[in-house]
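Below is one structure, written out as structure tokens; the observations come after it.
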Amino acid sequence: MFPLSGEHLLELTAIKDPKQREHIAEVMEALSGFGYLIGRPEIARLEIEAGIEDILSENPQRLPLPLIGRGFGWAFGMVGGMKIVDADGDDASISARREMGVDKYEAFMRFANYTIERAMLDGPPDTELPALRENGYNPESSRNGQVSRLAFELDLSAYLADDPKWRRGRLRDIVSAREISHEWLDAINDVKGQRVRAGRPLFDPPDDDMRRFMAAMPHTQVAISMKTHYHRDPAHRWTTNDIVDIDAMAVAYAYCDAVFTDKAARSALANSKELRVFGTFLPRTANELTDWLNQQPRLATADLLVPHPLCTRAN
Numbered sequence: 625m626f627p628l629s630g631e632h633l634l635e636l637t638a639i640k641d642p643k644q645r646e647h648i649a650e651v652m653e654a655l656s657g658f659g660y661l662i663g664r665p666e667i668a669r670l671e672i673e674a675g676i677e678d679i680l681s682e683n684p685q686r687l688p689l690p691l692i693g694r695g696f697g698w699a700f701g702m703v704g705g706m707k708i709v710d711a712d713g714d715d716a717s718i719s720a721r722r723e724m725g726v727d728k729y730e731a732f733m734r735f736a737n738y739t740i741e742r743a744m745l746d747g748p749p750d751t752e753l754p755a756l757r758e759n760g761y762n763p764e765s766s767r768n769g770q771v772s773r774l775a776f777e778l779d780l781s782a783y784l785a786d787d788p789k790w791r792r793g794r795l796r797d798i799v800s801a802r803e804i805s806h807e808w809l810d811a812i813n814d815v816k817g818q819r820v821r822a823g824r825p826l827f828d829p830p831d832d833d834m835r836r837f838m839a840a841m842p843h844t845q846v847a848i849s850m851k852t853h854y855h856r857d858p859a860h861r862w863t864t865n866d867i868v869d870i871d872a873m874a875v876a877y878a879y880c881d882a883v884f885t886d887k888a889a890r891s892a893l894a895n896s897k898e899l900r901v902f903g904t905f906l907p908r909t910a911n912e913l914t915d916w917l918n919q920q921p922r923l924a925t926a927d928l929l930v931p932h933p934l935c936t937r938a939n
């Protein structure tokens, strides 16, 4: 499977040509089947909870959470597809199923969910933009957060330009401390607060355990390594695309089997020796990826062995 991420949707909003978006959406649909990686904030929270529990030798029983879910909502912490509600906003799925009949209801829900998923990739046609903007549609606002995060990296870049010896020294330690404090300190404090309110042990570890906790956040370590790689190069010119790419690569490289990305991101990942423990394959070309895929064992899943009844009806 080639899953999508929230960053894919963000990058699509920057494409102004509807026809180009449509062509890209067709490829994305064919490769992903609308499967999305769980969002970066959700991944981080799970890593924080697991890291604290490991250091405190806790072993709570949890239901497994899939890395990949169907539908764009999964990338933004939402569960489930389209839901039918009544005038009061209450779930009306059962009554709708009864009134429409099972077959018509299931066919309608498949069509409705497909339409929504494809519309998220296609974006609105130009003819609908004026009316949408009058009602608050503003896809450009999604990049505001990236701009402020870019400014944070530019601050460090300026500091390193004034004192370049740090590029040759413990630069990763600097980037690591900044990454945790700027990106995840609020989330860490929130998890700690929830633990206290739930009557669980306080997490206030000594320095060695705190370093161990930070090192046990896989996606964060990928982001730190990529940022360190870019900051070590005085010629690198930071852009918002770097921020978006790092967000996408942080989750994908830490949790996927292979990542096919552009030359700059691949170089940052491949040249970060500390990341090689992940064992993620980084093909240089589409042919390399194809060869790698052809070498993978074919997994027997329930859908392959016994066709799902909904798929049977659709055919």
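With the numbering used here, the residue at position 22 of the sequence shown is 646, and numbering never jumps. Heads up, the beta-carbon is just placed ideally off N, CA and C, and yes, glycines get one too.
Whole-Å CB distance - residue i paired with residue j, under 8 Å assumed
i    : j    : result
A720 : I708 : 5 Å
A847 : E777 : About 11 Å; that fails the 8 Å criterion.
F696 : E741 : 6 Å
T637 : P763 : 4 Å
H855 : L795 : 6 Å
N737 : G760 : Rounded, the Cβ-Cβ distance is 24 Å, inconsistent with contact.
D881 : T904 : 7 Å
I692 : M625 : 7 Å
M724 : F735 : With 8 Å as the limit, M724 and F735 do not qualify as a contact, their Cβ atoms being about 12 Å apart.
Delimiting residues of the beta strand (DSSP E) encompassing residue i
i    : result
L661 : G659 to L661
Delimiting residues of the alpha helix (DSSP H) encompassing residue i
i    : result
I692 : Run containing I692: none in the alpha helix (DSSP H); it sits in the beta strand (DSSP E), I692 to R694.
Y854 : P842 to R856
R821 : L809 to R821
D869 : T864 to Y879
I672 : R664 to I679
E752 : E752 -> no alpha helix (DSSP H), and no H or E assigned at all.
D641 : Careful: D641 lies outside any alpha helix (DSSP H) and carries neither H nor E.
Q770 : N768 to D786
F700 : It is not in any alpha helix (DSSP H) - F700 carries neither H nor E in the DSSP assignment.
F837 : D831 to A839
Y761 : That residue, Y761, is in no alpha helix (DSSP H); it is neither H nor E in DSSP.
Closest Cα partner of residue i within the set the options
i    : options                   : result
E631 : R664, D915 and E646       : R664
A892 : Y879, A874 and D881       : A874
A888 : V901, P830, D857 and W916 : D857
L687 : R694, S681, L670 and M702 : L670
R819 : L634, A711, L906 and A674 : A674
W790 : H853, V901, D712 and D886 : H853
I662 : R694, H806 and D814       : R694
V771 : W862, T885, R835 and V703 : W862
A743 : P921, I648 and K897       : I648
Distance CB(residue i)-CB(residue j) smaller than 7 Å
i    : j    : result
S849 : L899 : yes
M652 : L753 : no
F837 : I667 : no
A876 : P842 : no
G769 : R645 : no
I867 : L780 : no
P627 : Y660 : yes
A811 : I676 : no
K851 : V883 : no
P642 : P788 : no
L906 : A894 : yes
S765 : L634 : no
A872 : S656 : no
Beta bridge counterpart(s) of residue i as assigned by DSSP
i    : result
V709 : D715
A882 : F905
L628 : Y660
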